[in-house]
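S.K.: Take this structure, written in structure tokens, and hold onto it; I'll ask about it next.
Protein chains: 4
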Amino acid sequence: MSQSTDPGVPVEGRRTGRPRSAAADRAILAATRAALVELGWSRLTLGDVASRAGVAKTTLYRRWPGKNELVVDALAELFDGLALPPDGGSLEADIVGVVLRFAALLERPEVRSALMALIAEGAYDAALRDRIRSAIVNRQKRLVLEGRARAVHRREIPPAPEPGPQADLIFDVIAGTVVHRALVSAEPVDETWASALAALVAAGLRG
Amino acid sequence: MSQSTDPGVPVEGRRTGRPRSAAADRAILAATRAALVELGWSRLTLGDVASRAGVAKTTLYRRWPGKNELVVDALAELFDGLALPPDGGSLEADIVGVVLRFAALLERPEVRSALMALIAEGAYDAALRDRIRSAIVNRQKRLVLEGRARAVHRREIPPAPEPGPQADLIFDVIAGTVVHRALVSAEPVDETWASALAALVAAGLRG
Amino acid sequence: MSQSTDPGVPVEGRRTGRPRSAAADRAILAATRAALVELGWSRLTLGDVASRAGVAKTTLYRRWPGKNELVVDALAELFDGLALPPDGGSLEADIVGVVLRFAALLERPEVRSALMALIAEGAYDAALRDRIRSAIVNRQKRLVLEGRARAVHRREIPPAPEPGPQADLIFDVIAGTVVHRALVSAEPVDETWASALAALVAAGLRG
Amino acid sequence: MSQSTDPGVPVEGRRTGRPRSAAADRAILAATRAALVELGWSRLTLGDVASRAGVAKTTLYRRWPGKNELVVDALAELFDGLALPPDGGSLEADIVGVVLRFAALLERPEVRSALMALIAEGAYDAALRDRIRSAIVNRQKRLVLEGRARAVHRREIPPAPEPGPQADLIFDVIAGTVVHRALVSAEPVDETWASALAALVAAGLRG
DNA sequence: TTCTAATCGAGACGGTACGTCACGTCTTTGC
DNA sequence: GCAAAGACGTGACGTACCGTCTCGATTAGAA
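Here it is, written out as structure tokens:
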């Protein structure tokens, strides 16, 4: 699980006094996701999250520095569940599997509304960018790398030094294209479309 | 042309009364971009934009319903400047040209900070999504179609019914991948990377 | 009738050009009273008055310097109608008559809400105070003086130099008491109450 | 005691949380009076009061619903200081004493500018009228009743059932007349004028 | 009759204050 | 020392009116 307590507060040195409630953490992150679903990123407020979680605002600020970091952790719990689909038997089938899994996550309303907002905030906040990368993005990239390894093992494509620039390109192609389809073009990512994309990517990898 | 007056107010039928100042429009959009560069999306306030533009806040709200729509129009003026590069002699060269031009736009600080935020807002606001599509996105789609037509004319790829699903896919791939590289992965879009992407796309189109 | 065009604009020297519409004056003052009835002083806006009168805001400002002066003139038209009641045959009866007439005016909603507001504004605006005095207050004072003259003529009270301090006192007593009853105590000014007040004032005048 | 916290918020039942600052109450009411003196009623703004008091606008709105109620409480603190003068030895002398004390209050600039405005607002707001009555007006009524009791004790006037309609009338006469003299006629309330009023009222009470 | 100049409606304009909201901090009482 | 509660200073929000201005279109009297 991604660390849900703010790493800025050292666990060391706090020995006496009432310990922090672990239940509060779970309640806060769940309340954050619920509020995202109902309100979307820009209407979400920390006061609202606190009262949904049955927690005082102070408790919330004691654990996270702000809205950005809280939402990163709330989404990270969802991405923790990402796993590579079972081997589809071919490069194309594996790509289709990854694309559909990624799209399913992207189409959850809490993710739709929050993920791009976090990346936007990251444009002016390097620490946030790192937090996003380690908690969310890299978890997806792993799928791409693993799928590629399967294809090499099946001898569909030649082996390549990893992690190398080509793996990054493939990741940008798949993730970027799905995001663009789902959030900008706002059209469904179904099996037909995923197959077309997989064909294009596989051709590129082979050719 | 970017739609800088709020389309909700029909231009037809308003004959009397003091006309809106065209200079104010220009000043407001320029001030918006300047504020984006300095402050980024989340710290940008409409009051600040108004005072930068030497304009009253009410003037601003008379023309745009809010921050989202204002920033769409401010960015749209930048995208209006996009043009297809001269014929590069091959499909790959043309793709590289488009990608580099597009990336140059995406790396301007006002775009970096605002574009993802707009897409995030669009997740819960269909009207905004349409506005983004018509003012910004579709302007680039034209480039893809034209580049494809050149390739067909050069007999590099077979002709296809247009605009069809494949053109849309190519567009999502190129635009999405470049945006993801520039704004999510936050790594440079240089000629090497652009060539790799072009190779992948061209192979997909041919294969 | 109280002058309804702003005296600050000299009538001299304006010979050519389109003359001001007299109908507009009437419509504006009537609209002002109607708005006062509906909204009361503090919610009355000049823009609303203008649109009720079917007139542009400019027309309104061309004739009155502001809300205060406009309302003075609007109320003045009501006070123009004030007349002494027929001779009641005794000092008490005449006082009762004046009190009831004054109270009837004070209880009109447009007057209730606006008269005290104007006096409050007058506390910091000497020109307004004069305008109120000449257009409204003096019209009431005349009734008191005339009633007193009748009583002297009937030999109910001794003659006195006029206008003298006693007349002013009587005026303040009657007007002030009625206003206090109607607007502060917010209780009805009926014939019973008026008779009690008249008895007190008459006793004071005689003794 | 003037009710300086909004009575709509019950003091009962609030045990936890940071308590409201009592110093803020005092600072706000003092700042309100200072702003009234400088600016008068109509130019007084709550933002200005807040910054004079060194307090946030929200603190002000947390305690009072608006300008009207705030000013009532600010004036009420002044009227709290009213006390019956020492026994003057006669009904007339006592009336003169009360009238002069009351007039001295009315001639303070903060009261001059605000009291009539409040009464005007009260014309369309029954709750405000009640607040004015209980916080300001009734405090003076006490003086009238007490002065009357003294006169009865001195056997100057016959005893009467109290509080009865006559006491209310006397109160309306004295308070209304002094207010009208001071704020509408805008002429001084000096000993001469007060004596004349006292004579009239005393004659009315005796006759 | 034509000219001319002030009027008219409409509505945009730069301002100012409004009353509300969310922020992130603080100060209480109670565990 | 943590927790809930809620007041606090701050600053932006979006709205409402203010009083002024710029339009094109009348409208009467003067030339």
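Residue numbers (full-length UniProt numbering), protein chains in the order written: chain H, 1 to 207; chain E, 1 to 207; chain C, 1 to 207; chain Z, 1 to 207. No residue lacks a Cβ here, since even glycine has one placed at the ideal position from N, Cα and C.
1. When the Cβ atoms of the region 66–86 of chain Z are set against those of the region 132–139 of chain Z, are three or more pairs found closer than 8 Å?
2. Since Z:His180 meets chain C, which of its residues come closer than 7 Å, beta carbon to beta carbon?
3. Should the region 164–174 of chain H be called in touch with the region 172–180 of chain E, which here means at least 3 C-beta pairs below 8 Å?
4. Whole angstroms is fine: what's the gap from H:Val11's alpha carbon to E:Arg148's?
5. Does DSSP put Z:Gly147 in a helix, in a strand, or in coil?
6. Classify C:Arg18 as buried or exposed, calling it buried when 16 or more other Cβ atoms lie within 10 Å of its own Cβ.
7. What's the C-alpha gap between H:Pro7 and H:Thr58?
8. Identify the continuous alpha helix (DSSP H) that holds E:Gly47 and give its terminal residues.
9. How about Z:Val98: is its C-beta nearer than 8 Å to some C-beta of chain C?
10. Determine, using beta-carbon pairs with one atom in the region 113–125 of chain E and one in the region 38–54 of chain E, whether at least three such pairs fall under 8 Å.
11. Drop a sphere of 10 angstroms on the beta-carbon of H:Arg155, count the other beta-carbons inside from all chains shown, and report buried for 16 or more, exposed for fewer.
12. Leaving out the 5 sequence neighbours to the left and right, which residues in its chain are closer than 7 Å to H:Arg131 when beta-carbon positions are compared?
13. Taking 8 Å as the cut-off, decide whether the C-beta atoms of E:Val144 and E:Ala167 are in contact.
14. Skipping 5 residues on each side, what residues in its chain have a beta carbon closer than 6 Å to that of H:Ser51?
15. Would you grab the beta carbon distance between Z:Leu29 and Z:Leu36 for me? Rounded to a whole angstrom, and I think it's under 8 Å.
16. Starting from the N-terminal side, write out each stretch of the beta strand (DSSP E) that is 3 residues or longer and does not extend beyond the region 69–97 of chain H.
17. When the Cα atoms are used, what is the spatial distance from E:Leu169 to H:Ala203?
18. How many Å lie between C:Val99 and C:Val178 at the Cα?
19. Checking contacts by CB at 8 Å: is H:Ile28 closer than that to chain E?
20. Strictly under 8 Å for the Cβ-Cβ distance: is residue 254 of chain E near chain H by that measure?
21. By DSSP, does Z:Trp64 sit in helix, in strand, or in coil?
22. Taking one C-beta from the region 88–97 of chain Z and one from the region 178–198 of chain Z each time, how about it: are there three or more such pairs within less than 8 Å?
23. Is there a Cβ of chain C sitting closer than 8 Å to that of Z:Ser113, yes or no?
24. Using a Cβ-Cβ cut-off of 8 Å, state whether Z:Leu106 counts as contacting chain C.
25. If you follow the alpha helix (DSSP H) that C:Leu39 is part of, which residue opens it and which one closes it?
26. So, are the CB atoms of H:Leu183 and H:Gln140 less than 8 Å apart?
27. Which one of H:Ala53, H:Ala186, H:Asp48 has the shortest CA to CA distance from H:Asp25?
28. Checking contacts by CB at 8 Å: is E:Ile119 closer than that to chain H?
29. Between the alpha carbons of C:Ala23 and C:Arg62, how many angstroms are there, rounded?
30. According to the Cβ coordinates, are Z:Arg206 and Z:Ile157 closer than 8 Å?
31. Here's the rule: buried if 16 or more other CB atoms are within 10 angstroms of the residue's CB, otherwise exposed. What is residue 225 of chain E?
32. Quick one: what's got a C-beta closer than 7 Å to C:Glu187's C-beta in the same chain, skipping five residues either side?
33. Measuring CB to CB, does Z:Pro34 end up less than 8 Å from C:Ala120?
34. Is the distance from the Cβ of E:Leu78 to the Cβ of E:Leu105 below 8 Å?
35. Does the beta-carbon of E:Asp190 have 16 or more other beta-carbons within 10 angstroms, so that it is buried, or is it exposed?
M.R.: A quick look at the data gives this:
1. Segment contact: the region 66–86 of chain Z against the region 132–139 of chain Z, three or more CB-CB distances shorter than 8 Å; contact assigned.
2. Simply Asp172, Ala175, Gly176, Val179.
3. Three or more Cβ pairs closer than 8 Å define a contact, and the region 164–174 of chain H meets that threshold against the region 172–180 of chain E.
4. At H:Val11 the pLDDT is 41, less than 50, meaning the model places this residue with poor confidence; the figure from the coordinates comes in the next sentence. If I take the Cα positions, the gap works out to 58 Å.
5. DSSP places Z:Gly147 in helix when its eight states are reduced to three.
6. Flag for C:Arg18 reads exposed.
7. Caution applies to H:Pro7, whose pLDDT of 40 falls short of 50 and renders its modelled position unreliable; the value that the coordinates give is listed next. Spanning the two alpha carbons is a distance of roughly 17 Å.
8. Here the alpha helix (DSSP H) through E:Gly47 covers 46–53.
9. With a threshold of 8 Å between beta carbons, Z:Val98 makes no contact with chain C.
10. A contact exists between the region 113–125 of chain E and the region 38–54 of chain E.
11. Exposed: under 16 other Cβ atoms inside 10 Å.
12. These residues qualify, in order along the chain: Glu69, Val72.
13. Cβ atoms of E:Val144 and E:Ala167: closer than 8 Å.
14. If we look at H:Ser51 and ignore the five residues flanking it on each side, it has no Cβ neighbours.
15. Incorrect: roughly 11 Å between the Cβ atoms, too far for contact.
16. Listed in chain order, there is nothing to give.
17. Whole-angstrom Cα-Cα distance: 14 Å.
18. A straight line joining the alpha-carbon of C:Val99 with that of C:Val178 spans about 7 Å.
19. Residue contact check for H:Ile28 against chain E: no CB pair falls below 8 Å.
20. Lying before the first or after the last residue shown, residue 254 of chain E is absent from chain E, which here runs from 1 to 207.
21. Three-state DSSP puts Z:Trp64 in coil, outside helix and strand.
22. Yes, the region 88–97 of chain Z touches the region 178–198 of chain Z.
23. Yes, its Cβ sits closer than 8 Å to a Cβ of chain C.
24. No, its Cβ sits nowhere closer than 8 Å to a Cβ of chain C.
25. C:Leu39: member of the alpha helix (DSSP H) spanning 22–39, first to last residue.
26. Contact: no.
27. If we check each option's Cα against that of H:Asp25, H:Ala53 comes out closest.
28. Taking 8 Å as the threshold, the shortest C-beta distance from E:Ile119 to chain H falls below it.
29. Our two residues, C:Ala23 and C:Arg62, have alpha carbons roughly 15 Å apart in a direct line.
30. Going by C-beta atoms, Z:Arg206 is nearer than 8 Å to Z:Ile157.
31. Nothing in the structure corresponds to residue 225 of chain E, since chain E is present only between 1 and 207.
32. Once the five neighbours on either side are set aside, the close Cβ partners of C:Glu187 are Arg181.
33. Residue identity check: residue 34 of chain Z is Ala in the sequence provided, not Pro. Contact: no.
34. Yes, they are a contact pair.
35. The residue is exposed, with fewer than 16 neighbouring Cβ atoms inside 10 Å.
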